[in-house]
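Here is the structure we will look at, set down as structure tokens.
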Amino acid sequence: GKDVFVHVSALDRAGLGGLSEGQKVTFDTEADRMGRSSATNLALV
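Residues in the sequence shown are numbered from 100 upward in steps of one, following the working numbering.
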């Protein structure tokens with residue numbers, strides 16, 4: 100899929116210490132203050 104920015108605070112809210120390349124997650128997207136797509140509501144698949 101398409102790359103999406105993930106802020107460390109989104110990982111914290113999901114209880115995740117980090118992500119590894121290729122790790123599968125579900126997420127919603129929202130526009131950040133700069134208008135870029137940012138992941139939120141992360142969960143491991």
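In this text, a Cβ means the ideal position worked out from N, Cα and C, and glycines have one as well.
Residue i versus residue j - alpha carbon distance
| i | j | result |
| --- | --- | --- |
| G116 | S137 | 18 Å |
| T125 | V103 | 12 Å |
| L141 | R112 | 8 Å |
| E129 | L110 | 15 Å |
| V107 | G121 | 17 Å |
| V144 | V105 | 16 Å |
Residues sharing a beta bridge with residue i, DSSP
| i | result |
| --- | --- |
| V124 | L143 |
| S108 | DSSP lists no partner for S108. |
DSSP state of residue i mapped onto helix, strand, coil
| i | result |
| --- | --- |
| A113 | coil |
| S136 | strand |
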